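Taking it in order: structure first as structure tokens, then the write-up.
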Amino acid sequence: MRILLSLLIFVFTLVFSIHADVSTPLDIECCISINKKLDEQTDILKQQYELSAKNKQVINKIYEKVTDTPNADMTYKDWLNIIGTLFGSLLGAGVAIFVFKRGIKHEKEKEEEKKRSLLKAIALTLDNIEKKCRTKVLYIKEYNESVHKRPWEHSILKINTIDEAIRIKSLNVDYVFDAFYEFKIDEKYYIKLHPHLDYISDLFKSFDNDYSNHSHQYITMPSNEILKINEQIQNESVFLAIDLEKNQRLTILAKPIWEIINSYNEKIKENKTNIDFIIKKSIDPLLHLYIKKEYLNITSIRDFLPLLKHSKALYDSICEYNILFADQVLSKNESLTNCANIFHEIKMQINKQTGNQITFN
2 MRILLSLLIF VFTLVFSIHA DVSTPLDIEC CISINKKLDE QTDILKQQYE
52 LSAKNKQVIN KIYEKVTDTP NADMTYKDWL NIIGTLFGSL LGAGVAIFVF
102 KRGIKHEKEK EEEKKRSLLK AIALTLDNIE KKCRTKVLYI KEYNESVHKR
152 PWEHSILKIN TIDEAIRIKS LNVDYVFDAF YEFKIDEKYY IKLHPHLDYI
202 SDLFKSFDND YSNHSHQYIT MPSNEILKIN EQIQNESVFL AIDLEKNQRL
252 TILAKPIWEI INSYNEKIKE NKTNIDFIIK KSIDPLLHLY IKKEYLNITS
302 IRDFLPLLKH SKALYDSICE YNILFADQVL SKNESLTNCA NIFHEIKMQI
352 NKQTGNQITF N
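If you use the numbering used here, the sequence shown corresponds to residues 2 to 362, in order.
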């Protein structure tokens, strides 16, 4: 290409020289300049061609790589690699599944142990409640016997609280039910649990409240009134006896009064609050004395009689209401025993189903 261009330039120059009269240096330089430019353009075209060829070669190689299909004839090593990869994947998946299932099993075992501990705590608490119920039965029997022996007295009904019932009632009922269900404890025991806890809790509270109210209203208040009346009657009787002794005709009436007063004062120190002693040694004797015909004409004695009779009525009401209340309390022993038996059944059933070897003292 370059040679052809040079030849054309030479011919053009020769023709131009023949026809022109004089060749100028300027024409020669112009041809030389054109020749150089053609050479430069030729070099550029050559470089572009070479670059294009190289690019095409690279593209062809990339295409061959992309479109190249694997050889159908796989070697033993290739199969081992595939099997190894597949086995590794299966092993990894198996380990993951095993860890997942083991985690679930571990959580389930933890939850089961948690519920087992809860049921064990409930069983131990029911054991304490059962004991307190049976102890209350004994306290009530002792109280009833004491009241019947000395109905005028403020007999003691021993108090034992049953806060354990509140602790069980405060537990999440759904969670407790799930624990009963999971350990296959008969539903009837769960159904019995809360109503009997409510009943026994209210019953223990009523014992304390009713006993306190009864003691204050039917024993303390009337007893204090008897003591007050008796003190007044004793003092008035002393003054009456002194006045009777001043009258020689009535001196004989003073002697029985002094006998009652002296007999009463001999043992009053150790019986200051014993209304039975006060009634039998002061109120009753004076009442029987003052209702006699010879004393009824004395004005002050006629004023004593209503107070003496009122004191006697108060004493009778104390004894009557005390016995009545004690018998009402005693009637609850059957319910207490039934509740204790039910708590025992639930406790033993929990122990059986959970496998807890609990020793109940």
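Ideal Cβ positions, reconstructed from N, Cα and C, are used throughout, including at glycine. Bear in mind that the values here come from a model prediction, so they are computed numbers and not experimental data.
Exercise. Measure from the alpha carbon of T317 to the alpha carbon of each residue in V330, K281, I351, then state which is nearest.
Key: Note on residue identity: the sequence assigns Asp, not Thr, to residue 317. Checking every option, the nearest Cα to that of D317 belongs to K281.
Practice problem: Name the two residues that bound the continuous alpha helix (DSSP H) containing I243. | Solution: Unbroken alpha helix (DSSP H) run through I243: 222-247.
Quiz item: Whose C-alpha, out of K273, S301, N334, is nearest the C-alpha of E232?
Solution: Taking only the C-alpha atoms, the option nearest E232 is K273.
Quiz prompt | Cβ distance (whole Å) where I163 is taken to contact F205 below 8 Å | solution = Yes, I163 and F205 are in contact; Cβ-Cβ is about 5 Å, under 8 Å.
Quiz item: For the putative contact between L198 and K170, defined by C-beta atoms under 8 Å, what is the C-beta separation to the nearest angstrom?
Solution: About 6 Å separates the beta carbons of L198 and K170, which is inside the 8 Å limit, making them a contact pair.
Exercise. Could you work out which residue in Y291, I324, N266 is closest to K310 when comparing CA atoms only?
Key: With distances taken between Cα atoms, K310 lies closest to Y291.
Quiz item: Going straight from the alpha carbon of D277 to that of I261, what length do you get?
Solution: Cα-Cα distance, rounded: 15 Å.
Quiz item: Does the beta-carbon of Y176 have 16 or more other beta-carbons within 10 angstroms, so that it is buried, or is it exposed?
Solution: The residue is exposed, with fewer than 16 neighbouring Cβ atoms inside 10 Å.
Quiz item: Can you name, in chain order, every residue of its own chain whose Cβ lies under 6 Å from the Cβ of W153, other than the five neighbours on each side?
Solution: Non-local C-beta neighbours of W153 in its own chain, meaning closer than 6 Å and more than five positions away in sequence, comprise I276, D277, I319, C320, ordered along the chain.
Quiz item: Taking the C-alpha atoms as reference points, what is the distance between D128 and K111?
Solution: So the alpha carbons of these two residues sit roughly 26 Å apart.
Exercise. Find the nearest neighbour of F305 within the set I284, K294, I324, judged by alpha-carbon distance.
Key: Selected option, being the one with the closest Cα: I284.
Quiz prompt | Burial state of H217, where buried means 16 or more other Cβ atoms lie within 10 Å | solution = Exposed is the label assigned to H217, since fewer than 16 other Cβ atoms lie within 10 Å of its Cβ.
Quiz prompt | the region 341-350 contacting the region 241-252, beta-carbon criterion three pairs below 8 Å | solution = The count of Cβ pairs closer than 8 Å, one atom from the region 341-350 and one from the region 241-252, stays below three, leaving the stretches out of contact.
Quiz item: Is P152 helix, strand or coil when you go by DSSP?
Solution: Secondary structure of P152 (DSSP, three-state): coil.
Quiz item: Buried or exposed: V330, going by 16 or more other Cβ atoms within 10 Å of its Cβ?
Solution: Within a 10 Å sphere around the beta-carbon of V330 sit 16 or more other beta-carbons, which makes this residue buried.
Self-check item: Within the region 140-194, ranges of the alpha helix (DSSP H) (whole runs, at least 4 residues)
Solution: Complete alpha helix (DSSP H) runs here, min 4: 164-170, 174-183.
Practice problem: Report, in whole angstroms, the separation of the C-beta atoms of F344 and H215, which I expect to be a contact under 8 Å. | Solution: Contact flag wrong, Cβ pair sits at about 28 Å.
Quiz item: Distance, Cα to Cα, L287 vs Y265?
Solution: Going by C-alpha positions, L287 is about 11 Å away from Y265.
Quiz prompt | N- and C-terminal bounds of the alpha helix (DSSP H) containing Q218 | solution = Neither: Q218 is in no alpha helix (DSSP H) and is coded neither H nor E.
Quiz item: Does the Cβ-Cβ distance between Y144 and Y219 come in under 8 Å?
Solution: Y144 is not a Cβ neighbour of Y219, given a cutoff of 8 Å.
Practice problem: Ignore the nearest five residues each way along the sequence and tell me which others in S301's own chain have a CB closer than 7 Å to its CB. | Solution: By the criterion of a C-beta distance shorter than 7 Å, S301 is surrounded in its chain by E237, L241, once the five residues flanking it on both sides are discounted.
Quiz item: How many Å lie between Q354 and L120 at the Cα?
Solution: Each residue's alpha carbon lies about 10 Å from the other.
Quiz item: For E165 versus I130, is the C-beta distance shorter than 8 Å?
Solution: The answer is yes: Cβ separation under 8 Å.
Self-check item: Contacts around E346, its chain only, beta-carbon distance under 6 Å, and the 5 residues preceding and following it disregarded
Solution: Cβ within range, chain order: n/a, list empty.
Self-check item: Beta carbon of I230 nearer than 8 Å to that of L297
Solution: No, the pair does not count as a contact, with Cβ atoms beyond the cut-off.
Quiz item: Taking the alpha-carbon positions, what's the R303 to K247 distance?
Solution: Their backbone Cα atoms lie some 20 Å apart in a straight line.
Quiz item: Which residues bound the alpha helix (DSSP H) around L288?
Solution: Here the alpha helix (DSSP H) through L288 covers 285-291.
Practice problem: Give me the Cα-Cα distance between I279 and S213, rounded to the nearest whole angstrom. | Solution: Spanning the two alpha carbons is a distance of roughly 24 Å.
Practice problem: Select from V239, K270, I269, E267 the residue whose C-alpha is nearest the C-alpha of K256. | Solution: Nearest of V239, K270, I269, E267 to K256, Cα basis: V239.
Quiz item: Is it buried or exposed for K159, if we count other Cβ within 10 angstroms and need 16 for buried?
Solution: K159 comes out exposed.
Practice problem: Could you tell me the distance, in whole angstroms, from the CA atom of K293 to the CA atom of N263? | Solution: Spanning the two alpha carbons is a distance of roughly 20 Å.
Quiz prompt | Limits of the alpha helix (DSSP H) - the one that N334 falls within | solution = Note, N334: alpha helix (DSSP H), 334-355.
Quiz prompt | Three-way DSSP call (helix, strand, coil) for L251 in this model | solution = Look at L251 here: in three-state DSSP terms it is coil, with no helix or strand label.
Quiz item: Do H149 and I258 have their CB atoms nearer than 8 Å?
Solution: Here H149 is not near I258, since their CB atoms are 8 Å or more apart.
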